[in-house]
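Trainee: Attaching a single structure in structure tokens format; questions to follow.
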Amino acid sequence: MKRLLTAILIAGSVSAAWADGLKSLESFMKNTQAGKADFTQSVTSPPKAGQESRTKVSSGNFEFQRPGKFKFNYTKPFEQLIVADGKTLWLYDVDLNQVTERAQAQALGSTPAAILTSATDLRMLQSDFALSNQPDSEGLEWVLANPKQKGGQLKTVRIGFTPEGQLAALDIEDSFGQRSLMQFKNLQAQASLPASTFRFTAPKGADVLKQ
Numbered sequence: 259m260k261r262l263l264t265a266i267l268i269a270g271s272v273s274a275a276w277a278d279g280l281k282s283l284e285s286f287m288k289n290t291q292a293g294k295a296d297f298t299q300s301v302t303s304p305p306k307a308g309q310e311s312r313t314k315v316s317s318g319n320f321e322f323q324r325p326g327k328f329k330f331n332y333t334k335p336f337e338q339l340i341v342a343d344g345k346t347l348w349l350y351d352v353d354l355n356q357v358t359e360r361a362q363a364q365a366l367g368s369t370p371a372a373i374l375t376s377a378t379d380l381r382m383l384q385s386d387f388a389l390s391n392q393p394d395s396e397g398l399e400w401v402l403a404n405p406k407q408k409g410g411q412l413k414t415v416r417i418g419f420t421p422e423g424q425l426a427a428l429d430i431e432d433s434f435g436q437r438s439l440m441q442f443k444n445l446q447a448q449a450s451l452p453a454s455t456f457r458f459t460a461p462k463g464a465d466v467l468k469q
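Numbering (the numbering used here), first residue to last: 259 to 469.
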């Protein structure tokens with residue numbers, strides 16, 4: 259019994275030593291209404307039979323403004339643009355010269371983009387996700403977000419913050435076992451972004467698919 263109590267006390271003290279990622283998330287949602295950052299995204303697919311898993315790396319920049327406006331501009335290795343103005347979501351594939359247009363409310367739902375840009379406080383976010391603190395690792399504070407809606411493509415999302423409370427990473431796992439790690443650098447919180455940042459006009463000659 260004495261050893262059991264000691265183990266419980268040790269476990270409790272370790273838990274208490276974890277930084278509170280939920281507080282960092284709440285502060286980020288309250289105090290960062292707009293911002294921009296550079297990002298690197300590493301996507302690792304489950305290994306096929308007899309093969310090792312492969313990782314594809316891309317990079318670009320990210321801009322957002324609450325509620326619901328954002329732009330992901332992929333520049334390497336291929337150019338791709340994802341823009342949302344609060345009502346409509348556009349995906350532009352430069353190589354194919356093709357635009358996919360969707361109603362934003364239908365496209366986002368329980369997605370990582372919704373975590374970053376749609377909700378303005380934890381209560382709103384908790385309507386779609388079950389949130390919990392995770393142990394600190396890799397120098398970051400982590401929050402685990404599990405979507406409440408079952409049967410979707412998204413399985414889990416971990417959101418990482420620096421000790422100063424700056425957004426640093428999204429670690430996403432989908433229902434197919436694919437992992438996407440998005441790391442943010444050079445975050446400029448409260449950046450002044452013109453309204454034109456989130457406007458999109460299909461390039462001349464592009465195929466536009468409405469879904």
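Quick reminder that beta carbons are idealized off the backbone N, C-alpha and C, glycines included.
Given a cut-off of 7 Å on the beta-carbon distance, is the pair Asp429 and Arg416 in contact?
Mentor: For Asp429 and Arg416, yes; Cβs fall inside 7 Å.
Trainee: Are the Cβ atoms of Ala295 and Leu445 separated by less than 7 Å?
Mentor: Closer than 7 Å, so yes.
Trainee: Where does Asn355 sit, in a helix, a strand or coil, going by DSSP?
Mentor: Coil at Asn355, not helix or strand.
Trainee: Taking Gly397 as the reference, which of Phe419, Asn391, Phe387 and Ser390 has the closest Cα?
Mentor: Residue Phe419 is the option with its Cα nearest to Gly397.
Trainee: May I ask you to list the residues that DSSP assigns as paired with Met440?
Mentor: Answer is Gln299 and Leu428.
Trainee: Would you list the one or two residues that DSSP bridges to Leu412?
Mentor: Leu412 is bridged to Asp432.
Trainee: Distance check for Gly326 and Gln291, CA to CA, integer angstroms please.
Mentor: Rounded to whole angstroms, Gln291 to Gly326 spans 10 Å at the Cα level.
Trainee: Assuming the contact rule is C-beta atoms closer than 8 Å, Pro461 and Asn319 should be a hit. Round their C-beta distance to whole Å, please.
Mentor: So it is not a contact: roughly 19 Å between Cβ atoms.
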